[in-house]
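Residues in the sequence shown are numbered consecutively from -16, following my numbering.
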Amino acid sequence: MSGIAAVREGVNPISMFITKTLTILPLLVAAALWGQEQTTAPAPASPAPDSPATPTAKSNPQPPPNGISKDRLFYALPNFLTLENAADVPPLTTGQKFKAVAKGTFDPVEFGFIGATAGIAQAENSEATFGQGAQGYAKRYGLRFADSAIENFLAQAIFPSLLHQDPRYFQSGKGTTMHRVFYALQRVVVTRSDSGSRQFNYSEILGASTAAAISTYTYHPRNERNGGNLVELFGTQIGLDALGYELKEFWPDIRRWMHKSKPAPTP
């Protein structure tokens, strides 16, 4: 999910990010609560006295056999390239990388999320040359979808395939909170190769910078096609990706807390 579209018409990117987060967060929370209700299975019947206890899979989830998750942040936003408890997993093939990115980019929830950000942009009159009304909204929506799709494919499929790097986020899940915060932050510049070794995250840096350049100098309004806007877009993208890594690191903890805090059904 791209953050390139966050900087427009000289608006402070931090304040814009906060505004969008506060606007969209209630939708994510509502989706999380709904998803929790849908995915929470009824309590199993008490085992017979002589039957052996069986461990629950949810207490220690194992990586999926194909290496691609079915997880969703807040039970809504696609999170297919994040793995828990995955020390040694086989690398993704080029086809798997493209398939996973396409699945997330063209997910129905992603369309809705982009629609919400386009609506906020229209209310703020970002890209003023687009005007208002249905035509202005369509232009803003198309711009943001293009930003998101291009950055997703460049940083998570194209460059990882060319450079033989793994686009997945491997959750740490251990150590102190600050250790995990720094671990997630480091993923902007540190990643895993297809062979399992640590490498500089060329895919992230090249993907974000190339996407920002394409975005700035091709389909954006002409008054935004300059080097300053390119640098600002690149910086905003890296910052938002870093925040995304933090969310991916701690989402399993949030999910477990939500399940634990849900009251048990009455018989």
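The beta carbon of each residue, even a glycine, is placed where N, CA and C say it ideally should be. Bear in mind the structure is a predicted one, so any value in this text is a computation, not a measurement.
Residue i burial status per 10 Å Cβ neighbour count (16 or more: buried)
{"i": "Gly158", "result": "exposed"}
{"i": "Pro73", "result": "exposed"}
{"i": "Asn206", "result": "exposed"}
{"i": "Ile141", "result": "buried"}
{"i": "Pro91", "result": "exposed"}
{"i": "Arg151", "result": "buried"}
{"i": "Leu145", "result": "exposed"}
{"i": "Phe128", "result": "buried"}
{"i": "Leu5", "result": "Note that Leu5 scores a pLDDT of 45, beneath 50, so its modelled location is shaky; the value from the coordinates is reported in the next line. Exposed."}
{"i": "Ala59", "result": "buried"}
{"i": "Arg55", "result": "buried"}
{"i": "Phe183", "result": "exposed"}
{"i": "Asp224", "result": "buried"}
{"i": "Gly179", "result": "exposed"}
7 angstroms Cβ shell around residue i - same chain, five flanking residues per side excluded
{"i": "Gly119", "result": "Gln105 and Phe113"}
{"i": "Arg239", "result": "none"}
{"i": "Leu189", "result": "Phe142"}
{"i": "Tyr202", "result": "Leu126 and Ala129"}
{"i": "Leu137", "result": "Gly190, Thr193 and Ala194"}
{"i": "Leu213", "result": "Ala195, Ala196 and Thr199"}
{"i": "Val172", "result": "Phe183 and Asn184"}
{"i": "Lys41", "result": "Residue placement at Lys41 is poorly supported in this model, since its pLDDT is 46, which falls under 50; the coordinates are not used for a value here."}
Cut-off 8 angstroms between Cβ atoms - residues of its own chain near residue i, not counting five sequence neighbours on either side
{"i": "Gly98", "result": "Tyr124"}
{"i": "Ser192", "result": "Phe217"}
{"i": "Asn209", "result": "Thr199"}
{"i": "Asp71", "result": "Gly179"}
Whole-angstrom C-beta distance between residue j and residue i, which should lie under 8 angstroms
{"i": "Ala85", "j": "Ile133", "result": "Incorrect: roughly 13 angstroms between the Cβ atoms, too far for contact."}
{"i": "Pro143", "j": "Ser198", "result": "Not a contact, Cβ separation roughly 20 angstroms."}
{"i": "Pro204", "j": "Glu110", "result": "6 angstroms"}
{"i": "Thr88", "j": "Asn135", "result": "5 angstroms"}
{"i": "Gln79", "j": "Gly50", "result": "7 angstroms"}
From the options, residue whose alpha carbon lies closest to that of residue i
{"i": "Ala121", "options": "Ala101, Val164 and Phe136", "result": "Ala101"}
{"i": "Asn68", "options": "Leu226, Ala167, Leu145 and Ser155", "result": "Ser155"}
{"i": "Phe153", "options": "Glu215, Tyr166, Ile221 and Ser198", "result": "Tyr166"}
{"i": "Leu66", "options": "Asp149, His242, His203 and Val214", "result": "Asp149"}
{"i": "Met161", "options": "Glu229, Arg239 and Lys243", "result": "Glu229"}
{"i": "Ile221", "options": "Arg170, Lys80 and Asn209", "result": "Arg170"}
{"i": "Lys82", "options": "Phe94, Glu93, Phe96 and Phe63", "result": "Phe63"}
{"i": "Pro61", "options": "Ile237, Glu93, Gln79 and Ile103", "result": "Glu93"}
{"i": "Tyr200", "options": "Gln139, Leu226, Asn184 and Asp130", "result": "Asp130"}
{"i": "Arg181", "options": "Pro235, His147 and His242", "result": "His147"}
{"i": "Asp177", "options": "Met241, Gly211 and Leu75", "result": "Leu75"}
{"i": "Gly211", "options": "Ser52, Ala196 and Asn184", "result": "Ala196"}
{"i": "Lys53", "options": "Pro235, Asp71, Thr219 and Lys243", "result": "Pro235"}
Cβ shell of residue i (< 6 angstroms), same chain only, five flanking positions each side left out
{"i": "Glu232", "result": "Gln154, Arg163 and Ala167"}
{"i": "Arg175", "result": "Asp149"}
{"i": "Phe96", "result": "none"}
Contact with chain B by residue i, beta-carbon distance below 9 angstroms
{"i": "Gln115", "result": "Chain labels in this structure do not include chain B; a single protein chain is all it has."}
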